[in-house]
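Let me begin by presenting the structure, written as structure tokens, before commenting on it.
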Amino acid sequence: MRDKEGLHESVEQNIALFKHMFAGDDTVKIRHFRHPSLSYVFGCVIYIEGMVSHDTLSNNILRPVLSYQPTEEHDEHSFMKIMTDWLIDAGDLRFSDDMEDILNSLLYGETLLLLEGQARALIIGTQGWQTRSISDPGTEKAVLGPREAFTESLTINLSLLRRRVTSPDLKFKFMELGKTTNTSICLCYVESVVSPKILKQLTKRLERLDIDAVLDSGQLQEMIRDTPLSLYETVGNTERPDAVAGKILEGRIAILVDGSPFALTVPFLFVEYFQVSEDYYSNYFFASFNRAIRFLGEFLAISIPAIYIALVTYNQEMMPTPLLLSIAAARQSVPLPTVAECFMMLIVFEILREAGTRIPTSVGQAVSIVGALVLGQAAVEARVVSAPMVIVVGLTGITTLLNIKMKAASILSRFLLLSLSSFLGIYGYLFGMMSLIIHLMSLRSFGIPYMLTVGSFKEEDIQDTVFRAPWWQTKLKAPLSQARQRIKKVSR
Amino acid sequence: MWIMCLTLLSSSTGCWNYGEVDKLSTVAGIAIDKGEDDKIVLTVELVDPTGGNDSMHTGSQLITLTGYTIFDIVRRIITESGTKLYWAHAKSLIMSEEIARSGAAKVIDWYIRDTETRSDIHVLISGEKTAKEILDSKEKVSDPLSYRIEDILKNEKNVSASPVMELWDFVDTINTPGISSILPVIYLKDNNGRETASINGLAVFDMDRMLGKMDYLQTKYVLMLRNELEGGVVALGGYDRPPGISLEIFSNKTKVKPVIVDGEVQIQVQTHTVMAVDEVLQKVDFYTEKGRVEVEELAEDTMEAEMMKVIQYAQQKYKQDVFGFGRIIHERMPKQWKGLEADWDERFSQLKVTVESKVIIKNTASSIKPILIEEDDK
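Just so you know, the sequences run in chain order A and B. The first sequence begins at 1 in the working numbering and counts up by one. The second sequence begins at 1001 in the working numbering and counts up by one.
Shown next as structure tokens:
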């Protein structure tokens, strides 16, 4: 459909050209204008309804041009110069005679100004579409620290970043992805600390992508991963500008996608799942405690059902006697075997979780009532499930939600471990756990080992892992040079 | 490849047994008695998770069967319990005096040898006629009796009225020359109309044959001489007998030193005990420097006398080295031990032992002076 034909000198012909191109699309508006005294100032502006700011269009473009009272004689060319030099009041202004460029600009909310006798278009930056205002981060809530989250608008997102890192070292590199959508994406990094190797590798991977539509950063996240088959993400995502700023200051690269409120960061390490922005803003004892809780929570989330099954059905001798007796008492006259009971309850919990996320808020209460009353209390009283199983499943559910970003990995690894331990008991669980650790150890994110510095006890390696060292202690005081050295060391 | 690994790995483990926890017959404890015609009477106490008085407690049931070997009986119990017995949570094994006197090794061999049983079970000797009647006592207040026995033994170190022996430990001492085995003794006591289990005193063994018993007071000093004492009370005098002081033992260290005097091996025992005055019944000076030394000396004399008495009792009545002196001679004087080992029981009964106690009174608990101190001053 796209006409490769260039622009004509005649405005009428050009208008016909655009009308033909956008036949059936009523949002493309063409407005003719003619200067009252200068007869050669005759042309049109073309824009897309809803994408431009009417304010800018009428106050800063049409009015100054049309109300211009010449004090001296002009011809077309000197008028053009005056117009671009001071009549039109817009930040972004350029000429183009490349049809492709002209069309892309038009579709991106810029206004085209065509004048009789000019075989080129003046492209004016008048983008003014509606965006969501900056709001609280919905998925990464924090008590302390900044409350801003990224929005769907790339320019706003970049401004959020720029405001935090006001240094000429912060670089924004734009790319376009998606053959149909032409989505702008932006790589953000701090030039003095970024590893050029990783940057090159990332650019290469992005350029190689063959995709029609990029609607969210999640798609890229999946396509630029090192190990596409792993359960664990090797590309991080966050909607907190302060988190992104922190990460790029440590030498990572952020990828912002227009239309997505989630920024990607690479390289991504396992420990970053457990690092929450708030850790860095609150008391370090408390932050370290919370970290430890998160690590424990993740361990429990994948292990509790598996260990319970192993202990109750295979290795009863490993339980303290009173516990064994109380579980035995609770399981009296429960019809299903423990393994089936466990799978059933876990799947019920997943159904509740999924229902809770999808359900419209107006009927949201139904989920909690059904979940708590029908499936918890009533099921236990009716002896369909045993009370310890409800505790196990409840604890598992809560601990999974503790590290919400890991939930995909935790849920699936949990079912794997559970299956293993329901065949082999505690031995199966340990076997699964070992496989899981070996797998995690073998992962890499853009060449950086996923479990970087695990097993090291050097002060600078563990200062921001299970514990967060106090700021006055950490060697991150000079973050730029420090991080650069670390990244350099491992990317070599 | 993965499937192969999985199959190989899974078959190389020992733990295959799938079993639902509510389908297990969990054994809490067992009692072994002698029956007629050289038969063994075995009683197992099974946990009944729902059989308690209320939902907080578990009940128990007894199954008794007779047979020629233990394993034969154990397997036949299935015909009555319905499910295979689960032994990993059994806590106490009680033998009757009769069967212990004719050799305990015969009846505990299965328990030590079998793979499903655990050798960290507590072993006791019944002070009543049979072992079964202990488990069958009318005390059905709470959890299975075997678990109550474990609770009693767990807190035993605060009383030191009986030794605590696990099966492996007992079997170990049977086979160690230079030390004789001892086991705690369990009685049934009528406690205001309720029958309760009471563990005190010890049974003395020659190899695996029980010879006789000692009471709880003797037991305390046996434990002290074995350097196994961790707590307890030393009472000096009483209500109407001066000085009327109870001393709490905080720690005790016993050093046994073999020495050669005139070519004969002798044993020198030194005890070092840290105590505190915890009860004063009489008007005694224990709070001044001088008074404290007097109490210390009195405690030392009492303990020395009691230890000498219990040593003589063991030497003369049983000729059994329940204190493990022989083992210490073996360690320190291997050459001399070679000459003694063959007839150690006889040599032990002639052994010269000297005892020296050292008592340190650390404090007088939470009050410094007796209640009656002011009258005293007048």
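Think of the CB as a built atom: it goes at the ideal place given N, C-alpha and C, for glycine as much as any other residue. The structure displayed is predicted, hence computed values, not measured ones.
Residue i and residue j closer than 8 Å at C-beta
i                         : j                           : result
asparagine 60 (chain A)   : aspartate 98 (chain A)      : no
threonine 139 (chain A)   : isoleucine 404 (chain A)    : yes
valine 1280 (chain B)     : proline 1177 (chain B)      : no
leucine 1229 (chain B)    : isoleucine 1249 (chain B)   : yes
leucine 87 (chain A)      : isoleucine 124 (chain A)    : no
arginine 294 (chain A)    : phenylalanine 274 (chain A) : yes
aspartate 1240 (chain B)  : glycine 1103 (chain B)      : no
leucine 62 (chain A)      : phenylalanine 33 (chain A)  : yes
leucine 206 (chain A)     : isoleucine 224 (chain A)    : yes
leucine 107 (chain A)     : valine 45 (chain A)         : no
valine 339 (chain A)      : threonine 313 (chain A)     : yes
serine 413 (chain A)      : leucine 269 (chain A)       : no
leucine 1153 (chain B)    : alanine 1197 (chain B)      : no
threonine 1173 (chain B)  : glycine 1201 (chain B)      : no
valine 1277 (chain B)     : isoleucine 1267 (chain B)   : no
isoleucine 255 (chain A)  : leucine 220 (chain A)       : yes
leucine 1046 (chain B)    : valine 1021 (chain B)       : no
leucine 498 (chain A)     : threonine 227 (chain A)     : There is no way to answer for residue 498 (chain A), as the model of chain A reaches only from 1 to 492.
glycine 432 (chain A)     : leucine 420 (chain A)       : yes
isoleucine 1149 (chain B) : tryptophan 1110 (chain B)   : no
tyrosine 40 (chain A)     : glutamate 76 (chain A)      : yes
tyrosine 1018 (chain B)   : lysine 1091 (chain B)       : no
glutamine 1282 (chain B)  : glycine 1237 (chain B)      : yes
Span of the beta strand (DSSP E) around residue i
i                        : result
threonine 1043 (chain B) : 1040–1048
threonine 1354 (chain B) : 1352–1363
glutamine 1061 (chain B) : 1059–1067
valine 1251 (chain B)    : As written in the sequence, residue 1251 (chain B) is serine, which differs from the valine given in the question. Where serine 1251 (chain B) is concerned, the enclosing beta strand (DSSP E) stretches over 1245–1261.
proline 1184 (chain B)   : 1182–1191
glutamine 219 (chain A)  : Per DSSP, glutamine 219 (chain A) belongs to no beta strand (DSSP E); it is in the alpha helix (DSSP H), 217–223.
histidine 1403 (chain B) : Because residue 1403 (chain B) is not part of the residues shown, which for chain B are 1001 to 1378, the question remains open.
valine 257 (chain A)     : 253–257
Presumed contact (8 Å Cβ cut-off) between residue i and residue j, rounded CB distance
i                         : j                       : result
methionine 1333 (chain B) : leucine 1225 (chain B)  : Not confirmed; about 19 Å, so no contact.
valine 334 (chain A)      : serine 386 (chain A)    : 5 Å
glutamine 127 (chain A)   : glutamate 110 (chain A) : 7 Å
alanine 310 (chain A)     : tyrosine 429 (chain A)  : 5 Å
threonine 1083 (chain B)  : alanine 329 (chain A)   : Threonine 1083 (chain B) to alanine 329 (chain A), Cβ: 16 Å. No contact.
serine 10 (chain A)       : glutamate 100 (chain A) : Not really, about 21 Å apart at Cβ, beyond 8 Å.
isoleucine 1073 (chain B) : leucine 1167 (chain B)  : Wrong, their Cβ atoms sit about 18 Å apart, outside the cutoff.
alanine 149 (chain A)     : glutamate 239 (chain A) : 5 Å
proline 1163 (chain B)    : leucine 1223 (chain B)  : 6 Å
Element boundaries [alpha helix (DSSP H), containing residue i]
i                        : result
threonine 357 (chain A)  : 338–358
tyrosine 1239 (chain B)  : It is not in any alpha helix (DSSP H) - tyrosine 1239 (chain B) carries neither H nor E in the DSSP assignment.
serine 105 (chain A)     : 99–107
methionine 389 (chain A) : 387–402
threonine 1079 (chain B) : 1070–1081
methionine 433 (chain A) : 426–442
arginine 208 (chain A)   : 196–208
methionine 80 (chain A)  : 76–82
histidine 20 (chain A)   : 11–21
Spell out a yes or no on whether the region 245–252 of chain A and the region 164–175 of chain A are touching, meaning 3 or more CB-CB pairs, one atom from each, closer than 8 Å. Three or more beta-carbon pairs separated by less than 8 Å link the region 245–252 of chain A to the region 164–175 of chain A, which places the two stretches in contact.
Three or more beta-carbon pairs under 8 Å between the region 1350–1365 of chain B and the region 1265–1277 of chain B, yes or no? Touching, per the Cβ criterion.
How about the region 212–225 of chain A and the region 175–189 of chain A: do they share at least three Cβ pairs that are nearer than 8 Å? At 8 Å Cβ cutoff, the stretches touch.
Segment contact flag, the region 294–309 of chain A with the region 1062–1082 of chain B, C-beta cutoff 8 Å, min 3 pairs: Contact fails: fewer than three Cβ-Cβ distances are below 8 Å.
Residues, ordered as in the chain, of the region 408–434 of chain A that lie near chain B by beta-carbon distance below 8 Å: The residues in question are Phe423, Leu424, Gly425, Ile426, Tyr427, Gly428 and Phe431.
Is there contact between the region 146–160 of chain A and the region 78–87 of chain A, where contact requires at least three CB pairs shorter than 8 Å? Touching, no.
Along the region 1085–1111 of chain B, what residues have a CB closer than 9 Å to any CB found in chain A? Correct list: Tyr1086, Trp1087, Ala1088, His1089 and Lys1091.
How about the region 1284–1293 of chain B and the region 1308–1328 of chain B: do they share at least three Cβ pairs that are nearer than 8 Å? Contact between the region 1284–1293 of chain B and the region 1308–1328 of chain B is not established, with fewer than three Cβ pairs separated by less than 8 Å.
Inspect the CB distances between the region 191–198 of chain A and the region 359–369 of chain A and report whether three or more fall short of 8 Å. With a cut-off of 8 Å on Cβ pairs, the region 191–198 of chain A is not in contact with the region 359–369 of chain A, counting fewer than three such pairs.
Against chain B: residues of the region 380–409 of chain A by CB proximity under 7 Å: So nothing in the stretch comes that close.
Taking a Cβ distance cut-off of 7 Å, strictly less, list which residues of the region 303–331 of chain A are near chain B, in chain order. Cβ contacts with chain B: Val312, Thr313, Tyr314, Asn315, Gln316, Glu317, Thr321, Leu324, Leu325, Ile327, Ala328, Ala329 and Arg331.
Are the region 1088–1096 of chain B and the region 1120–1138 of chain B in contact at 8 Å, needing three or more beta carbon pairs? The region 1088–1096 of chain B, when compared against the region 1120–1138 of chain B, does touch it at the 8 Å Cβ threshold.
For the region 389–396 of chain A against the region 301–309 of chain A, are there 3 or more C-beta pairs whose distance is under 8 Å? As far as the Cβ criterion goes, the region 389–396 of chain A touches the region 301–309 of chain A, which means the pair count is three or higher.
Contact residues within the region 335–353 of chain A, judged by C-beta distance below 8 Å to chain B: Taking 8 Å as the Cβ-Cβ cut-off against chain B, the residues of the region 335–353 of chain A that qualify are Pro337 and Thr338.
Using Cβ-Cβ distances below 8 Å, what residues of the region 1060–1088 of chain B are close to chain A? For the region 1060–1088 of chain B, which is checked against every Cβ of chain A, the residues closer than 8 Å are Tyr1086 and Ala1088.
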